[in-house]
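K.L.:
Could you have a look at this structure, given as structure tokens, before my questions?
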């Protein structure tokens, strides 16, 4: 996959200290990754790069919303997302990204592309189960919800359940209370 130039940070010319970078991520970013679960995207990404003499520390913070379909009703809604991530970039003999929060790049590297980290942070910030807020508070009026309510199994009352219990169990219950 071809890296997007706007997410490449040339750190070789930066002074030692903290540097801030801001990005606006929209739907085209996820189309580049061929990720089609989002209907629309509006995410702000703040990256704080702290350059030290032997390594780089990056702190990612994303916030915004993604428009996804509800898992229950398939109605689209805006899901708010937030996520943080810290990455340490060290210099070594060869490229190594085996560790979650440590990236080793070869000596002589002068820039780093952060698009993959932004992509993963955004995807992982979305809850596993996507439920429209109207489903939880009962304000969503949907044909699917009405049909699910109609087809859901009805819960019998507790009295009916007690009548269905085998009478031999009642004798055993007495043993527990005779202590």
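Numbering (the numbering used here), first residue to last: 230 to 408. Virtual Cβ for every residue (Gly too), placed ideally from N, Cα, C.
Give every residue of the same chain whose Cβ lies closer than 8 angstroms to the Cβ of residue 301, excluding the five residues on either side of it in the sequence, and list them in chain order.
P.N.:
For the purposes of this step, residue 301 is identified with residue 72 of the chain shown, where counting begins at 1. The answer, listed in chain order, is 360, 361, 364, 373, 374, 377.
K.L.:
Give me the Cα-Cα distance between residue 350 and residue 295, rounded to the nearest whole angstrom.
P.N.:
Along the chain shown, read from residue 1 onward, the residue named residue 350 stands at position 121. Along the chain shown, read from residue 1 onward, the residue named residue 295 stands at position 66. Going by the C-alpha atoms only, they are around 13 angstroms apart.
K.L.:
Going along the chain, which unbroken runs of the alpha helix (DSSP H) with 4 or more residues stay wholly within the region 231–296?
P.N.:
256–261
K.L.:
DSSP on residue 306, reduced to helix/strand/coil?
P.N.:
Indexing the chain shown from 1 puts residue 306 at position 77. Reduced to three states, the DSSP call for residue 306 is strand.
K.L.:
Figure out for me which residue from 255, 316, 305 has the closest Cα to the Cα of residue 288.
P.N.:
Your numbering for residue 288 matches position 59 in the chain shown. Out of 255, 316, 305, 316 has the C-alpha closest to the C-alpha of residue 288.
K.L.:
Which partner residues of residue 341 appear in the DSSP bridge assignment?
P.N.:
Here residue 341 refers to the residue found at position 112 of the chain shown. Paired residues: 238.
K.L.:
Residue 382 lies in the alpha helix (DSSP H); which residues open and close that run?
P.N.:
As a position in the chain shown, residue 382 is number 153, starting the count at 1. No alpha helix (DSSP H) holds residue 382; DSSP gives it neither H nor E.
K.L.:
When the Cα of residue 274 is compared with those of 244, 345, 331, which residue comes out closest?
P.N.:
For this step, residue 274 is matched to residue 45 along the chain shown. It is 345.
K.L.:
Identify whether residue 358 lies in helix, strand or coil by the three-state DSSP scheme.
P.N.:
Counting from one through the chain shown, the residue named residue 358 turns up at place 129. Of the three classes helix, strand and coil, the one that applies to residue 358 here is coil, per DSSP.
K.L.:
I believe residue 335 touches residue 322 by the beta-carbon criterion, under 8 angstroms. Please report the beta-carbon distance rounded to the nearest angstrom.
P.N.:
As a working note, residue 335 is residue 106 in the chain shown. As a working note, residue 322 is residue 93 in the chain shown. Between residue 322 and residue 335 the Cβ distance is about 7 angstroms, and since that is below 8 angstroms, they are a contact.
K.L.:
So, using beta-carbon positions, are residue 250 and residue 278 closer together than 8 angstroms?
P.N.:
Taking the chain shown and counting its residues from 1, the one referred to as residue 250 is at position 21. Taking the chain shown and counting its residues from 1, the one referred to as residue 278 is at position 49. Yes, the Cβ-Cβ distance between residue 250 and residue 278 is below 8 angstroms.
K.L.:
With a threshold of 16 other CB atoms inside 10 Å of the CB of residue 267, please say whether the residue is buried or exposed.
P.N.:
Taking the chain shown and counting its residues from 1, one reaches residue 267 at position 38. The residue is buried, with at least 16 neighbouring Cβ atoms inside 10 Å.
K.L.:
Give the single residue among 245, 405, 304, 318 whose Cα lies nearest to the Cα of residue 282.
P.N.:
Walking along the chain shown from the start, residue 282 turns up at place 53. Ranking the options by Cα distance to residue 282, first place goes to 245.
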